[in-house]
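Trainee: Provided herewith is a single structure, encoded as structure tokens, for subsequent inquiry.
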Amino acid sequence: MRTGEPLPAVGEVLVSLATGVWHWDTATGLVTVDAEAARLLGLPAEEAVLTEAQTRARLHPVDWNEITGVVQLAVAEGTLAEVRIRIMDDRGRVVRVVRSRSKPSFDPVKKAYELIGTLQEVTEPTPGTAAGRTAVTGDWRRSREAFLLDAGRALAEARSTEEVLRVAAALSMPGFSPDGLAVFGVTGDRLTIIGHHGQQPGDEVPFTQMSLQTDYPAAEVVRTGRAVYLSSPERYKERYPLTWPMAAHFGRHSWAFLPLTVAGRTMGAWMAAFAYPVAFTPDERSVLTTVARMLAQALTRAGAAETQRELTDGLQRSMLPSLGPEIPGLTLAARYIPTGGGLQVGGDWYDMIPLPAGASRTRRGGGRFALVIGDVQGHDVRAAGLMGQLRIALRAYAAEGHRPDAVLSRASGFLHGLADADGGADLRFATCLYVEVDPATGVLEAARAGHLDPAIRMADGTVLVRATAGGLPLGIDPDADYPTTRLVLEPGETLMLCTDGLLETGGHDLDTGWQRVRKTLEAHEGDLEELADALVQAVHGPSSHHTTGPLADRREDDIALLLLCRQGEGGCGPEAVPLPARRLVRRSMLTVAQAEPERIAVARQQVRELLHDWTCADQVDSAVLLVSETLTNVLVHTDADALLVAEVTGAPGERRLRIEVTDTSDDLPHKRRPGELASSGRGLVLIELLAHTWGVSPRGEGKSIWFELYEPQEPRKTEESMPHHPL
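Heads up: the sequence shown begins at 162 in my numbering, then just goes up one per residue.
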């Protein structure tokens, strides 16, 4: 063409470059192609208008979806859309690979895409044209850097050997992808198969326990630490004639065997086998080598994690006891959930200790046992070790026949002595709750060292926290005292002992965590094992994501849980009945001694717990006030101790509360008219004003002041007005 002559038409230029033009409008669903584009699509070389279905039939189905994604991305970024497409024939075979470049646009009114672009055949040979291969994506997606970034992230996130192998099998390498993989390990002087993909089960048997001296590519790679590339069956047969018959029946055409090296040590080999010829160019070898290094690192991390989990499970099994033989009349269930850091083993523990029936314990009889639950400070190996030592010490002191208070006192001195032996460099304390159980009577004798109070689920499903006297956590003061509290587990009732992890998991404090656990306890129907599972699921299962607490700190803690049910009408044993059919009675008892005026506050709390679902908040406040007045009256005006008995009967909405305060004094209370400045004398006046009915009854030696409140049939005033009390 001479200077000054007009340029040839665009169509002539495209034809000379073997480049076709196509136009796709998603609003009409039509694709228009010129003669060259039609030829590239495997159609007669003439202009044509095709439907989307006709066009889609000529393309690999995965690539059609790839086109959609690339077009949307190009519109969003305002760039050209480039994608490689595999053209299929009528028999589903790939006949050619073409490159499409287009400038797509989006019509917001029609909500449709329109693009005009070119099609040009990729002239360089592309290995692996089987229709079943991974999709050929756009150039931006096929870049080596992007692939290695994706592969590295996926392998880094794998947490087990099985996951690593699954990720390796799913890797789609840029331009070539193996259809058979195998990972070889080394045990002694033998090759082992860690995992494989693309072969049938059992195909790996001939390669298992193969000697490292065998004339086999993987064995040579492990011996020398150098990769082996076999680009053809002829090359394989020539180099490894002895083992070629073992590999021949797989029908592969190329193989790459690469060393799995970590810190200079070859730990195994990775085989990538291809169903089509691969030349293994420098770029391809570079990709394979990088993947092998990442794979070796991932397998090392996964192996270390699995070893750590095995160590954790073994340590956990050795330190946590079984609950022993079945106890007539009682049912036990326990759970331990390690959710802390480090080795996933912390200082939480539980135990069941059979107690001796020697002469010194005659009055308590045989068959008794102790339940222990505790939490050593920390979530590390030292915490787990101290937990094991402390558990053994508690068992030893209990076996000597000591009472609960003496057991904890000695255990506190023992733990404090361990810190002294270490020079006080790592002083640890532990909370603990020790409960002796008499199966015949249901009597519980509890001593508490800074631990959560126990909770009791009554026969009607009501859950109450049982306040117990307590002392300092173990290990702080070697001479600390631990007073004993006596409780009674009635038939059908369930005792729950737990560590704070059950309450505080998920951003909860003790108050909100107790509300969540209490709902599960009161609503559950089923045996004790199911109840234990329900409690764990409430704080760790899917439902726990809907009951997160108010705290921003979402760190979790280990959980130890013990449940003890005395068989009867309640939730365990052959006599258990559904909640609606149970006798609707709640009862709480408490003794307030002359020397323990602070237990009046405990009495007020127990009454609130007993009435936590009472429909009238004002009546709850009245009941608490009257309990405080009657107990104070006994302590101030007599020399006797007071016994509080609170009982709720009836169905919700029509219940009756009856409270009795009994003492051994014969002096009857008298109604007085105190002056404005008087500090006492208003007790009976308040009872008369607030109670529906009341009275004073002689009790042989002593008397009983009682009052009753009747629940009104009206909705509760405010949920906020009813305080909740944590364990």
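Where a beta carbon is used, it is the ideal one built from N, C-alpha and C, also for glycine. Here the structure is a predicted model, which is why all the values come from computation and not from measurement.
Buried or exposed, going by whether 16 or more other CB atoms sit within 10 Å of the CB of GLY190?
Mentor: Burial call: exposed.
Trainee: Taking Cβ to Cβ, would you say THR461 is nearer than 9 Å to ASP536?
Mentor: Contact: no.
Trainee: Within 10 angstroms of the Cβ of LYS864, are there 16 or more other Cβ atoms? Answer buried if so, exposed if not.
Mentor: Buried, since its Cβ has 16 or more Cβ neighbours within 10 Å.
Trainee: Please look up how many angstroms separate the CB atoms of GLN550 and ARG589, rounded, as I've assumed it's under 8 Å.
Mentor: The Cβ separation is near 11 Å, so there is no contact.
Trainee: I'd like the list of long-range same chain contacts for SER749, defined as Cβ closer than 6 Å, with 5 residues on each side in sequence excluded.
Mentor: Cβ neighbours of SER749 beyond the five flanking positions: GLN767, LEU771 and ALA807.
Trainee: Sort GLU227, ASP186 and PRO420 by Cα distance to ALA433 and report the nearest one.
Mentor: Among GLU227, ASP186 and PRO420, the Cα nearest to that of ALA433 belongs to PRO420.
Trainee: Terminal residues of the continuous alpha helix (DSSP H) containing GLN676?
Mentor: Taken as a continuous stretch (DSSP letters only), the alpha helix (DSSP H) holding GLN676 covers 671-684.
Trainee: Name the two residues that bound the continuous beta strand (DSSP E) containing GLY181.
Mentor: Per DSSP, GLY181 belongs to the beta strand (DSSP E) from 180-186.
Trainee: Pick out the complete beta strand (DSSP E) segments inside the region 253-288, 3 residues or longer, and give them in chain order.
Mentor: Counting only runs of 3 or more, we get 255-268 and 273-282.
Trainee: Have a look at LEU850 and ASP824 and give me their C-alpha separation to the nearest angstrom.
Mentor: So the alpha carbons of these two residues sit roughly 23 Å apart.
Trainee: How about ILE355 and PHE368: are their beta carbons less than 9 Å apart?
Mentor: No, the pair does not count as a contact, with Cβ atoms beyond the cut-off.
Trainee: Kindly confirm or deny that the region 671-686 and the region 642-653 touch, where touching means at least three C-beta pairs closer than 8 Å.
Mentor: Taking 8 Å as the limit for Cβ pairs, the verdict is that the region 642-653 does not touch the region 671-686.
Trainee: So, using beta-carbon positions, are THR187 and TYR274 closer together than 9 Å?
Mentor: Yes, these two residues count as a Cβ contact at 9 Å.
Trainee: What residue range does the beta strand (DSSP E) around ARG496 cover?
Mentor: Looking at the DSSP string, the run of the beta strand (DSSP E) that includes ARG496 is 491-498.
Trainee: Could you spell out where the beta strand (DSSP E) holding TYR511 opens and where it closes?
Mentor: It spans 509-515 - the beta strand (DSSP E) in which TYR511 sits, taken as one unbroken run.
Trainee: Report the residue from ALA801, VAL781, LEU792 and LEU796 whose alpha carbon sits nearest the alpha carbon of VAL809.
Mentor: Measuring from the Cα of VAL809, the nearest candidate turns out to be VAL781.
Trainee: Inspect the beta-carbon positions of ALA803 and VAL822 and report whether they are closer than 9 Å.
Mentor: Yes, these two residues count as a Cβ contact at 9 Å.
Trainee: Measuring straight from C-alpha to C-alpha, what distance separates LEU178 and GLN361?
Mentor: Each residue's alpha carbon lies about 47 Å from the other.
Trainee: So what's VAL439 in DSSP terms, helix, strand or just coil?
Mentor: Of the three classes helix, strand and coil, the one that applies to VAL439 here is coil, per DSSP.
Trainee: Could you tell me if ALA214 is buried or exposed, where buried requires 16 or more neighbouring beta carbons within 10 angstroms of its beta carbon?
Mentor: Per the 10 Å Cβ criterion, exposed.
Trainee: Determine, using beta carbons only, whether VAL325 and LEU449 come nearer to each other than 9 Å.
Mentor: No.
Trainee: Quick one: grab the DSSP three-state call for ALA430.
Mentor: ALA430 falls in the strand class under three-state DSSP.
Trainee: Helix, strand or coil for GLY503 per DSSP?
Mentor: Its pLDDT being 47, under 50, GLY503 is placed unreliably by the model, and the measurement read from it follows with that caveat. Three-state DSSP puts GLY503 in coil, outside helix and strand.
Trainee: According to DSSP, is PRO394 helix, strand or coil?
Mentor: Residue state, collapsed to three classes: helix.
Trainee: Kindly list the residues whose CB is nearer than 8 Å to the CB of THR854, restricted to its own chain and excluding five residues on each side of it in sequence; keep chain order.
Mentor: For THR854, where only same-chain residues beyond five positions count, the Cβ hits under 8 Å are PHE868 and GLU869.
Trainee: Would ILE553 be called buried (16 or more neighbouring beta carbons within 10 Å of its own) or exposed?
Mentor: Exposed, because fewer than 16 other Cβ atoms sit within 10 Å of the Cβ of ILE553.
Trainee: What residue does the beta strand (DSSP E) around VAL697 start on, and which one ends it?
Mentor: Here VAL697 belongs to no beta strand (DSSP E); instead the alpha helix (DSSP H) covers 689-701.
Trainee: In chain order, what residues of the same chain have a beta carbon less than 6 Å from the beta carbon of LYS878, not counting five sequence neighbours either side?
Mentor: Bear in mind that the predicted position of LYS878 carries a pLDDT of just 47, short of 50, making it unreliable; the figure below should be weighed with that in mind. Within the same chain, LYS878 has close Cβ partners ALA778.
Trainee: Express the C-alpha separation of LEU682 and VAL697 in angstroms, rounding to a whole number.
Mentor: Roughly 11 Å between the two C-alpha positions.
Trainee: So, helix, strand or coil for ASP340, using DSSP?
Mentor: Three-state result, ASP340: coil.
Trainee: Return helix, strand or coil for ARG647, following the three-state DSSP convention.
Mentor: Looking at ARG647 - three-state DSSP - the assignment turns out to be strand.
Trainee: For the region 391-410 and the region 428-445, state whether three or more C-beta atom pairs, one from each stretch, are separated by less than 8 Å.
Mentor: With a cut-off of 8 Å, the region 428-445 and the region 391-410 count as touching, because enough Cβ pairs lie within range.
Trainee: Less than 9 Å separating the beta-carbons of GLY710 and ASP774?
Mentor: Against a cut-off of 9 Å, the Cβ pair of ASP774 and GLY710 comes out as no contact.
Trainee: Closest by CA to ASP614, which one among CYS659, LEU787 and GLY181?
Mentor: Here the closest residue by C-alpha is CYS659.
Trainee: Assign GLY363 to one of three DSSP states: helix, strand, or coil.
Mentor: Correct three-state label for GLY363: coil.
Trainee: Given a threshold of 16 other Cβ atoms within 10 Å of its Cβ, counted over all protein chains shown, does GLY729 qualify as buried or as exposed?
Mentor: Classification of GLY729: buried, given that the 10 Å Cβ count is 16 or more.
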